[in-house]
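Accompanying notes for the structure given below.
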Amino acid sequence: MQEALTYDDVLLVPQYSDIRSRSEIDLKTYNFKLPIISSPMDSVTESEMAIAMDKAGGLGIIHRYNNIEEQAYEVSKTKKQSEKVAAAVGISGDYLERSSELIKNGCNVLCLDVAHGHHILMKEALLTLRKNCGNLITIIAGNVATPQGYMDLSNWGADIIRANIGGGSICTTRVQTGHGFPGLQTIFDCRHIKESFNLKAGIIADGGIRNSGDIVKALAAGADFVMIGSLLAGTDETPGAVMINPETQMKYKIYRGMASKEAQKDWKGSYSSHEGVSSTVPYKGSVRDVLGDLERGIRSGLSYSGVRTIKELQEKAIWIKQTNASQIEGSPHILKR
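Counting along the sequence shown from 1, when you hit position 289 you're at 684 in our numbering, and nothing is skipped either side.
Next comes the structure, spelled out in structure tokens:
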């Protein structure tokens, strides 16, 4: 059997650095100043989050769990303040009508958003959209967990591909189906096939990102972006009201997987398989502060490898596998006493 690595299985080795200030570090990827994308979930990204992500230099993808008119309205609101506007669609049903309406309202990045993207319906949707739109829009597609999945979506017309299945904080795909692949290994493998065959599609590390250290590892492994949900959940810019626990008086917001029973019932009135859960997260205030902390952590991570760009990080990163004892040693273990 193949050995597959998670974020906790490895560390990056510190290297000599001549970086005098972290302001020397450039996190630009494609045309974005910050390699972070907010997830197209109904408890994470609508127009308010998309605008905030744009201001921070990243990208927000407006979710598709509403009717066409509602999503198009969120896109039009975002377009008034942002040059890059991204929105999600499915790969069957109304996806062509929805895509057309979103583009009319200013969307220039379409995300074909399904749990298992290495699929005949994905192939048909990608080929159709690319034929209809040419190169006027950027197409993000996924999710995939294998090098073959990455290669096929790239050949079918995707510009950027979401990589990882079953690794999210509220995803139960691996529990429900027995299928998946460790998220960091997915990035290693997709990068290998990308370089081996000179493929052009970018890679998004999607799922399982818990902190800025995981982001640095994902970028070093070959990702061009990371996609996050739980790290942004609970902020002012996420959809939904701030609630108060009557017993603790602590503020919180709802955060749920789009394959959870609750999300499916709200969206389409019923559910089939359920591969996610609904939960709550503490209220976090402005997403600007969250993104600022993540950016500082990423810059610090690159400085430890002595590099100034993501490309240099991918070229010069030195990896080691760590034991369970090493992982414990590297955590703030005073909190466990």
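In this text, a Cβ means the ideal position worked out from N, Cα and C, and glycines have one as well.
If you're wondering where the values come from, they're calculated on a predicted model, not measured in any experiment.
Given this structure, state the Cα-to-Cα distance separating Y650 from I457, to the nearest angstrom. 15 Å
State the start and end residues of the unbroken beta strand (DSSP E) segment that holds M622. F620 to I623
Helix, strand or coil, according to DSSP, for A520 in the structure here? helix
Under 8 Å by Cβ, that's how I've got G617 and I604 pegged, so tell me the actual separation to the nearest angstrom. Contact doesn't hold; Cβ gap of about 15 Å is too wide.
Rounded separation between S674 and A712 - CA only: Spanning the two alpha carbons is a distance of roughly 36 Å.
Leaving out the 5 sequence neighbours to the left and right, which residues in its chain are closer than 6 Å to G692 when beta-carbon positions are compared? S607
Report back the beta-carbon spacing between S700 and L708 to the nearest angstrom; my notes put them in contact at under 8 Å. Yes, they are in contact, since the Cβ atoms of S700 and L708 sit about 6 Å apart, within 8 Å.
Mapping the DSSP letters down to three states, classify M546 as helix, strand or coil. helix
Give the C-beta separation of L505 and V484 to the nearest angstrom, bearing in mind that I take them to be a contact with Cβ-Cβ under 8 Å. Indeed, because the Cβ distance is near 6 Å, the residues count as touching under 8 Å.
Would you check if there are 3 or more beta carbon pairs closer than 8 Å linking the segment 460-475 to the segment 626-640? Contact between the segment 460-475 and the segment 626-640 is absent, because fewer than three Cβ pairs lie under 8 Å.
Check the C-beta distance from G552 over to L522 and give it rounded, since I have them as a contact under 8 Å. 6 Å
Measure the Cβ-Cβ separation of I446 and S471 and say whether it is below 7 Å. no
Touch test, the segment 430-446 against the segment 715-723, Cβ-Cβ under 8 Å, three pairs minimum: no
Cα-Cα separation between A536 and S495, rounded to whole angstroms: 17 Å
Considering only C-alpha positions, which residue in the set T704, Y411, V682 and G725 is nearest to D449? V682
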